[in-house]
Amino acid sequence: MDDFVDFVLNVRKVCASTDLTKTPVHLVIGNESCDLDSMVCAFGLAYYHHQIKNKRSNADQCCTVLPVLNIPMKCFVSRTENCYVLKQFGITETDLLFRDSLDFEAIKNGGQLSVSIVDHHVLRDEDKFLEQSVIEVYDHRPRDPTANWNTNIASLVIEEVGSCATLISQKLLTHDILTGPLAELLHDVIIFDTVAFSDKAQKARELDISVSKQLQQQFGISCIPQHRFDQLWNVHNDISSLTPGQLLFKDLKFVDDFPVAGLPMLVREFLQFSDVHEHLLAFCDETQRATVVVMGLKVVGDEVFRDIAIFSKSDKETRELLVNSLKANLDLGVTEDTVSVPDITYLMQNNVKMSRKQIVPIIKSLRR
729 MDDFVDFVLN VRKVCASTDL TKTPVHLVIG NESCDLDSMV CAFGLAYYHH QIKNKRSNAD
789 QCCTVLPVLN IPMKCFVSRT ENCYVLKQFG ITETDLLFRD SLDFEAIKNG GQLSVSIVDH
849 HVLRDEDKFL EQSVIEVYDH RPRDPTANWN TNIASLVIEE VGSCATLISQ KLLTHDILTG
909 PLAELLHDVI IFDTVAFSDK AQKARELDIS VSKQLQQQFG ISCIPQHRFD QLWNVHNDIS
969 SLTPGQLLFK DLKFVDDFPV AGLPMLVREF LQFSDVHEHL LAFCDETQRA TVVVMGLKVV
1029 GDEVFRDIAI FSKSDKETRE LLVNSLKANL DLGVTEDTVS VPDITYLMQN NVKMSRKQIV
1089 PIIKSLRR
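Offset between the sequence shown (1-based) and our numbering: plus 728.
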């Protein structure tokens, strides 16, 4: 069996047979959306540390290295493309570790914890207690000015490229710690995040292209990028088995205190589901938030469409603040329109090049 696949298949078994409060533990934690990039990067960086700390080290005591998918296990089914790529290697959700699989505080209190975070560089409030344990940060987003890491403790690799998988691939290629399946997964992510290196999408950077070529040449990856992107995109958009509530959790990130749910469809189409108002209320109850930002995305051939909605039943003042901030950003180019669902302000987005990554700073500015 491939060594990387074997590592992933065994993390849950290793966790179950180890007292994590009494042994060195290294957690590699992805972001709270657990998208394809975040998941594969967590696997790849964890495999790197597993190799360095255990198989290529003379250390007397082994370190238990665990990749953590930063969502509850029940939410993983909505990550359809994640399930799809893992199934190719015989990996299922029952083999993986999720946010609710581990007691982070108990492990930290054991005194032998170190942490890497990937595909994000700001800890959520509930994870701030991990800050002094973080030794490594990898991200491809614009740097958040509120992120003040102690560089004497943590090494930072924050570079605006199309995919965080590019940065992880570069590290693994440099240290010659890659296997065929891991290279394929990383290559898939780079294709997916850069929309197959499309000039129109303007996601790919030179590093994305050069690293993907290295993966292709070294591991004989011969897929046609556009064909592979189309496969992954179709799986991503296959929502036939998902409820509206599950869709809201499919690509969820928290920006400060606001949940920002990304949909694989336009918000206007999402609002056509029956009982959608009740699903939005239930989502707010489950996340314990009064307001949710919902962002829609639809790709038809070479054309991209985006829209945004702000839902809040009990905090209309915050909803208005968010709407006004989005309207005030002329680069975003939003236009308000009416919808039949109550407690929602709906915005058509005219500048489709601005994704959630670029809209996050607008939302964050409300807290300053």
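Every residue gets a Cβ at the ideal spot worked out from N, C-alpha and C, and that includes glycine.
Remember, predicted model here, so these are calculated numbers, not experimental data.
query                                                                                                                                                                               : result
Between Leu970, Ala929, Leu895, which has its C-alpha nearest Leu943's C-alpha?                                                                                                     : Leu895
Grab me the residues of Asp1043's own chain with a C-beta within less than 8 angstroms of its C-beta, minus the 5 sequence neighbours each way, in chain order.                     : Ala1018, Thr1019
Nearest-angstrom Cα distance between Phe947 and Leu999?                                                                                                                             : 44 angstroms
Excluding the 5 residues preceding and the 5 following Leu1049 in the sequence, name in chain order all residues of the same chain whose CB lies nearer than 8 angstroms to its CB. : Leu1094
Looking at the strands, I want to know which residues DSSP matches up with Met1076.                                                                                                 : Asp1035, Thr1063
For Leu1054, does the count of other Cβ atoms within 10 angstroms reach 16, so buried, or fall short, so exposed?                                                                   : buried
Are the Cβ atoms of His903 and Trp877 separated by less than 9 angstroms?                                                                                                           : no
Could you spell out the range, first to last residue, of the beta strand (DSSP E) harbouring Met1023?                                                                               : 1019 to 1028
In three-state DSSP terms, what is Ser861?                                                                                                                                          : helix
What do you reckon, are the CB atoms on Cys743 and Leu830 nearer than 9 angstroms?                                                                                                  : yes
List, from N- to C-terminal side, the beta strand (DSSP E) runs of 3 residues or more that fit wholly inside the segment 851 to 939.                                                : 862 to 867, 883 to 886
Does the beta-carbon of Pro873 have 16 or more other beta-carbons within 10 angstroms, so that it is buried, or is it exposed?                                                      : exposed
Quick test of the definition: if touching needs 3 or more C-beta pairs under 8 angstroms, does the segment 969 to 988 touch the segment 951 to 958?                                 : no
Under DSSP, the beta strand (DSSP E) around Asp979 begins and ends at which residues?                                                                                               : 979 to 983
Specify the secondary structure class of Phe826 as computed by DSSP and reduced to three states.                                                                                    : strand
Leaving out the 5 sequence neighbours to the left and right, which residues in its chain are closer than 6 angstroms to Lys1041 when beta-carbon positions are compared?            : Asp1071
Give me the Cα-Cα distance between Phe857 and Glu833, rounded to the nearest whole angstrom.                                                                                        : 8 angstroms
Using CA atoms only, rank isn't needed, just tell me which of Asp855, Phe817, Ile918 is closest to Lys931.                                                                          : Ile918
Quick one: grab the DSSP three-state call for Ile845.                                                                                                                               : strand
Do you know how far the Cα of Asp1065 is from the Cα of Ile799?                                                                                                                     : 33 angstroms
Report, in whole angstroms, the separation of the C-beta atoms of Asp765 and Cys892, which I expect to be a contact under 8 angstroms.                                              : 5 angstroms
Could you please give the first and the last residue of the uninterrupted alpha helix (DSSP H) stretch that includes Pro1089?                                                       : 1084 to 1092
DSSP state of Val1051, grouped into three classes?                                                                                                                                  : helix
Let's test the definition: count the other Cβ atoms within 10 Å of the Cβ of Met767 and tell me whether it reaches 16, buried, or not, exposed.                                     : buried
Are the CB atoms of Ala1056 and Met1023 within a distance shorter than 9 angstroms?                                                                                                 : no
Alpha carbon to alpha carbon, what distance is there between Val1088 and Thr808?                                                                                                    : 24 angstroms
Taking only the alpha-carbon atoms, compute the straight-line gap between Leu884 and Leu935 and give it to the nearest angstrom.                                                    : 18 angstroms
Run through DSSP, which three-state label would Thr1046 get?                                                                                                                        : helix
For my contact list, Arg996 and Asp1035 are in at a C-beta cut-off of 8 angstroms; report their separation, rounded to the angstrom.                                                : 6 angstroms
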